[in-house]
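Chains as they are written, first to last, in the working numbering: chain G, 30 to 341; chain F, 743 to 835. Note sheet for the following structure.
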Amino acid sequence: SLKPKNTDSFNYSRYHKLSEIYSFQDMLVAENPNLVSKIVIGQSYEARPLSVLKFSTGGTNRRAIWIDTGIHAREWITQASGIWFAKKIVKDYGSDPALTDILNNMDIFLETVTNPDGYDYTQNSNRMWRKTRKPNPGSSCVGVDPNRNWDSGFGEPGASSNPCSETYRGPSAHSESEVKAIVDFVVAHKNIKAFVTIHSYSQMLLYPFGYTSAPSKDEAELHSLAQKAITDLASLYGTRYTYGSIIDTIYQASGNTVDWTYEQGIKYSYTFELRDTGFHGFLLPAKQIVPTAEETWLALMAIMSHTFKNPY
Amino acid sequence: KELFKGHQVLQIIPKNDAQLAFLKDLEDVLEFELDFWKGVTAVSCPVHVRAPFQFLQLLKRILKRKDISYVPMIDDLQAVLDEEQKEIELFAR
Numbered sequence: 030s031l032k033p034k035n036t037d038s039f040n041y042s043r044y045h046k047l048s049e050i051y052s053f054q055d056m057l058v059a060e061n062p063n064l065v066s067k068i069v070i071g072q073s074y075e076a077r078p079l080s081v082l083k084f085s086t087g088g089t090n091r092r093a094i095w096i097d098t099g100i101h102a103r104e105w106i107t108q109a110s111g112i113w114f115a116k117k118i119v120k121d122y123g124s125d126p127a128l129t130d131i132l133n134n135m136d137i138f139l140e141t142v143t144n145p146d147g148y149d150y151t152q153n154s155n156r157m158w159r160k161t162r163k164p165n166p167g168s169s170c171v172g173v174d175p176n177r178n179w180d181s182g183f184g185e186p187g188a189s190s191n192p193c194s195e196t197y198r199g200p201s202a203h204s205e206s207e208v209k210a211i212v213d214f215v216v217a218h219k220n221i222k223a224f225v226t227i228h229s230y231s232q233m234l235l236y237p238f239g240y241t242s243a244p245s246k247d248e249a250e251l252h253s254l255a256q257k258a259i260t261d262l263a264s265l266y267g268t269r270y271t272y273g274s275i276i277d278t279i280y281q282a283s284g285n286t287v288d289w290t291y292e293q294g295i296k297y298s299y300t301f302e303l304r305d306t307g308f309h310g311f312l313l314p315a316k317q318i319v320p321t322a323e324e325t326w327l328a329l330m331a332i333m334s335h336t337f338k339n340p341y
Numbered sequence: 743k744e745l746f747k748g749h750q751v752l753q754i755i756p757k758n759d760a761q762l763a764f765l766k767d768l769e770d771v772l773e774f775e776l777d778f779w780k781g782v783t784a785v786s787c788p789v790h791v792r793a794p795f796q797f798l799q800l801l802k803r804i805l806k807r808k809d810i811s812y813v814p815m816i817d818d819l820q821a822v823l824d825e826e827q828k829e830i831e832l833f834a835r
């Protein structure tokens, strides 16, 4: 076995097992004790830790940016990109002035495997699994779509009440521990100013709302920032993204993550749909991990820099 | 480990509102075990759907009857998954 000894020798161009991701996180913390720490915000249904990497240069309860990847288990490019982002942050801190400025004033929280039970299930049992792994009483179908489980338009059109559907919303808002852990963290923190949740594979950058066609009060700003972010993204490899509100750009989606975060007062709430530029769908070849992460990083930097420069 | 032998992923592009509405209805039919990788959004926007072997021909017949054109996006899903697995194992070695 060629187990990486450090995060420099970690292979960012391949998909990794959950245990390897956990090891990566621990190595990153050990190598950068003054910048990175790991916090556990809860437990998955199958009792796995919900680990979040905290990038901080000090201070108390600073303004913060949240990024999560892998809430839908089979979207492997997102977990892989999350790992790359983590390494990128420690590499660029101190050398990239924009990121250094951000981190000297704000904290970044990064949850790389938001749905670990689902991810493990895709690795070992069913590569096409999307949802959580909690059984549904009275049904043989397992799991809830964690991107329909948030208390924002919960139960309205744009999610399913059938446990066998891929968009099953769950029995109640925040019924999934993977969702509840983030909810509790965000509410307790009180100072998160940008929230980016990352999916694949439609090449989109979306902002609230998904459950209603009513525009958010910050729509103009969110729209122009999205435009800037996807322009920056496209500057690297020419990958074309669309952008707009969830309901206008894809379809009605109730109980989704960023509708909830926006309604909690986190103005810069975005959801990404990363690549597939070809005909791969959820089976994006591993050689595309780094290019995808690299271009996405440019868009993330646009959102993070704007958040830093526009306090509210 | 669940196998996806004979599963195909089809790309369907609805040409008009009637086709769009039909595909939207199809999204809610759980009996066919269709897995919409890319959901139904608007006319001219591609829909990607994974169809299991046992319902693939039926789905194709229905689409043909409704004059909805499709192309296979992934011909043999299991073959792609095998390839992915092989690559993972190769790297691990």
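Don't be surprised by glycine CBs; every beta carbon is placed ideally from N, CA and C. Owing to the predicted nature of the structure, the values given are computational and were not obtained by experimental measurement.
Could you tell me the distance, in whole angstroms, from the CA atom of Ile259 (chain G) to the CA atom of Pro237 (chain G)? Within the first sequence, the letter at position 230 stands for residue 259 (chain G). Within the first sequence, the letter at position 208 stands for residue 237 (chain G). Straight-line measurement puts the Cα of Pro237 (chain G) at about 17 angstroms from the Cα of Ile259 (chain G).
Interface flag, Ser168 (chain G) vs chain F, CB-CB below 8 angstroms: For this step, residue 168 (chain G) is matched to residue 139 along the first sequence. Ser168 (chain G) does not count as touching chain F.
Counting pairs of beta carbons, one from the region 156-176 of chain G and one from the region 793-803 of chain F, are three or more of them closer than 8 angstroms? No: the two stretches stay apart, fewer than three of their Cβ pairs being nearer than 8 angstroms.
Just list the alpha helix (DSSP H) runs in the region 131-159 of chain G, keeping only unbroken ones of 4 residues or longer that don't cross its boundaries, in chain order. Fully enclosed alpha helix (DSSP H) runs of 4 or longer: 145-153.
Just confirm the distance between the C-beta atoms of Glu205 (chain G) and Leu265 (chain G), as a whole number of angstroms; I'd bet it's less than 8 angstroms. To locate residue 205 (chain G), count along the first sequence from 1; it is residue 176. To locate residue 265 (chain G), count along the first sequence from 1; it is residue 236. 35 angstroms between Cβ atoms; not a contact.
For Trp289 (chain G), does the three-state DSSP call read helix, strand or coil? Walking along the first sequence from the start, residue 289 (chain G) turns up at place 260. Trp289 (chain G): helix per DSSP, three-state reduction.
Can you check whether the C-beta of Glu831 (chain F) is within less than 8 angstroms of a C-beta belonging to chain G? Numbered from 1 along the second sequence, position 89 holds the residue referred to as residue 831 (chain F). Interface residue (Cβ-Cβ distance to chain G less than 8 angstroms): Glu831 (chain F) is not classified as such.
Identity of the residue in G:Tyr341, G:Pro340, G:Asn339 and G:Met333 nearest Leu132 (chain G) by Cα: Taking the first residue of the first sequence as position 1, residue 132 (chain G) is located at position 103. When only C-alpha atoms are compared, the closest one is G:Met333.
Just checking, does the region 173-183 of chain G make contact with the region 108-119 of chain G on the three C-beta pairs under 8 angstroms criterion? Remark: fewer than three beta-carbon pairs, one from each stretch, lie closer than 8 angstroms, so the region 173-183 of chain G and the region 108-119 of chain G are not flagged as touching.
Mind listing the chain G neighbours of Val785 (chain F)? Cutoff is C-beta to C-beta under 9 angstroms, in chain order. Position 43 of the second sequence, counted from the start, is the residue given in the question as residue 785 (chain F). Here the premise fails: no neighbours, minimum Cβ distance about 13 angstroms.
Contact with chain F by Ala255 (chain G), beta-carbon distance below 8 angstroms: To locate residue 255 (chain G), count along the first sequence from 1; it is residue 226. Not closer than 8 angstroms to any Cβ of chain F, the Cβ of Ala255 (chain G) fails to qualify, so no.
For Gly748 (chain F), collect the residues of the same chain with a Cβ closer than 6 angstroms to its Cβ; drop the 5 residues on either side in sequence, then sort them by chain order. Reading the second sequence from its first residue, position 6 is the one you call residue 748 (chain F). Excluding residues within five positions, the ones whose Cβ falls inside 6 angstroms are Phe795.
Just verifying my parser: in three-state terms, what is the DSSP assignment at Ile112 (chain G)? Indexing the first sequence from 1 puts residue 112 (chain G) at position 83. Helix.
Cβ contact check for the region 48-66 of chain G and the region 197-215 of chain G: 3 or more pairs under 8 angstroms: No, the region 48-66 of chain G does not touch the region 197-215 of chain G.
In this structure, how does DSSP classify Lys747 (chain F) when only helix, strand and coil are distinguished? On the second sequence, residue 747 (chain F) is found 5 positions in, with the first residue counted as 1. Correct three-state label for Lys747 (chain F): coil.
In chain order, each beta strand (DSSP E) run of at least 3 residues that lies wholly inside the region 51-109 of chain G: Runs found: 65-72, 78-84 and 93-98.
Measuring only between beta-carbons, confirm whether Asp777 (chain F) sits less than 8 angstroms from chain G. On the second sequence, position 35 is the one that residue 777 (chain F) refers to. So, interface residue.
Measure the Cβ-Cβ separation of Tyr230 (chain G) and Gln281 (chain G) and say whether it is below 8 angstroms. One-based indexing of the first sequence puts residue 230 (chain G) at position 201. One-based indexing of the first sequence puts residue 281 (chain G) at position 252. Cβ atoms of Tyr230 (chain G) and Gln281 (chain G): not closer than 8 angstroms.
Could you give the C-beta distance for Lys316 (chain G) and Ser52 (chain G), rounded to a whole number, given that I count them as a contact under 8 angstroms? Taking the first sequence and counting its residues from 1, one reaches residue 316 (chain G) at position 287. Taking the first sequence and counting its residues from 1, one reaches residue 52 (chain G) at position 23. Actually they are not in contact, since the Cβ atoms of Lys316 (chain G) and Ser52 (chain G) sit about 23 angstroms apart, beyond 8 angstroms.
Output the distance between the C-alpha atoms of Val81 (chain G) and Val215 (chain G), rounded to the nearest integer angstrom. Here residue 81 (chain G) refers to the residue found at position 52 when the first sequence is read from its first residue. Here residue 215 (chain G) refers to the residue found at position 186 when the first sequence is read from its first residue. A straight line joining the alpha-carbon of Val81 (chain G) with that of Val215 (chain G) spans about 12 angstroms.
Name the two residues that bound the continuous alpha helix (DSSP H) containing Ser189 (chain G). Here residue 189 (chain G) refers to the residue found at position 160 when the first sequence is read from its first residue. In the DSSP annotation of this structure, Ser189 (chain G) is not part of any alpha helix (DSSP H), being labelled neither H nor E.
Quick one: using the 10 Å Cβ neighbour count with 16 as the cut-off for buried, is Phe114 (chain G) buried or exposed? Numbered from its first residue, the first sequence carries residue 114 (chain G) at position 85. Phe114 (chain G) comes out buried.
Using a Cβ-Cβ cut-off of 8 angstroms, state whether Met157 (chain G) counts as contacting chain F. Position 128 of the first sequence holds residue 157 (chain G). Under the 8 angstroms criterion on CB atoms, Met157 (chain G) is classed as interfacial with respect to chain F.
Taking contact to mean 3 or more Cβ pairs, one atom from each stretch, closer than 8 angstroms, check whether the region 745-764 of chain F and the region 115-131 of chain G are in contact. Look at the beta carbons and you see the region 745-764 of chain F not touching the region 115-131 of chain G: under three pairs across the two are nearer than 8 angstroms.
Taking the straight line between their C-alpha atoms, what separation do you get for Leu254 (chain G) and His335 (chain G)? Here residue 254 (chain G) corresponds to residue number 225 of the first sequence, with the count starting at 1. Here residue 335 (chain G) corresponds to residue number 306 of the first sequence, with the count starting at 1. Distance between the alpha carbons of Leu254 (chain G) and His335 (chain G): 8 angstroms.
Using a Cβ-Cβ cut-off of 8 angstroms, state whether Ile816 (chain F) counts as contacting chain G. Indexing the second sequence from 1 puts residue 816 (chain F) at position 74. True, the Cβ-Cβ gap to chain G drops below 8 angstroms.
Just to confirm, are Gly147 (chain G) and Val751 (chain F) a CB contact at a threshold of 8 angstroms? In the first sequence, the residue the question calls residue 147 (chain G) occupies position 118. In the second sequence, the residue the question calls residue 751 (chain F) occupies position 9. In this structure, the beta-carbon distance from Gly147 (chain G) to Val751 (chain F) does not fall below 8 angstroms.
Quick check: what's the CA-CA separation for Leu832 (chain F) versus Arg304 (chain G)? Taking the second sequence and counting its residues from 1, the one referred to as residue 832 (chain F) is at position 90. Taking the first sequence and counting its residues from 1, the one referred to as residue 304 (chain G) is at position 275. The alpha-carbon atoms of Leu832 (chain F) and Arg304 (chain G) are separated by roughly 24 angstroms.
If you measure from the beta carbon of Lys808 (chain F) to each beta carbon in chain G, is any gap under 8 angstroms? The sequence position of residue 808 (chain F) within the second sequence is 66, counting from 1. It does not: the Cβ of Lys808 (chain F) has no partner Cβ on chain G nearer than 8 angstroms.
Integer-rounded CB distance, given that Ile830 (chain F) should sit under 8 angstroms from Tyr44 (chain G): As a position in the first sequence, residue 44 (chain G) is number 15, starting the count at 1. As a position in the second sequence, residue 830 (chain F) is number 88, starting the count at 1. Right, the Cβ-Cβ distance comes to about 6 angstroms (below 8 angstroms), so this counts as a contact.
Length of the line joining the Cα atoms of Gly781 (chain F) and Thr278 (chain G): As a first step, residue 781 (chain F) is located in the second sequence; it is residue number 39 there, counting from the start. As a first step, residue 278 (chain G) is located in the first sequence; it is residue number 249 there, counting from the start. The alpha-carbon atoms of Gly781 (chain F) and Thr278 (chain G) are separated by roughly 12 angstroms.
Does the CB of Glu195 (chain G) have a neighbour CB from chain F at under 8 angstroms? Residue mapping note: residue 195 (chain G) aligns to position 166 of the first sequence, counting from 1. The C-beta of Glu195 (chain G) comes closer than 8 angstroms to at least one C-beta of chain F.
Lys257 (chain G), enclosing alpha helix (DSSP H) - first and last residue: The count along the first sequence starts at 1 and reaches residue 257 (chain G) at position 228. Per DSSP, Lys257 (chain G) belongs to the alpha helix (DSSP H) from Glu248 to Tyr266.
Rounded C-beta distance between Asn144 (chain G) and Ile96 (chain G)? I'm assuming under 8 angstroms. Within the first sequence, the letter at position 115 stands for residue 144 (chain G). Within the first sequence, the letter at position 67 stands for residue 96 (chain G). Not confirmed; about 15 angstroms, so no contact.
Is the beta carbon of Ala223 (chain G) sitting closer than 8 angstroms to the one on Tyr297 (chain G)? As a working note, residue 223 (chain G) is residue 194 in the first sequence. As a working note, residue 297 (chain G) is residue 268 in the first sequence. Ala223 (chain G) places its beta carbon less than 8 angstroms from that of Tyr297 (chain G).
Considering only the alpha carbon of each residue, which of G:Ile70, G:Val142 and G:Ile221 lies closest to Ala93 (chain G)? Numbered from 1 along the first sequence, position 64 holds the residue referred to as residue 93 (chain G). Considering only G:Ile70, G:Val142 and G:Ile221, the residue with the shortest C-alpha distance to Ala93 (chain G) is G:Ile221.
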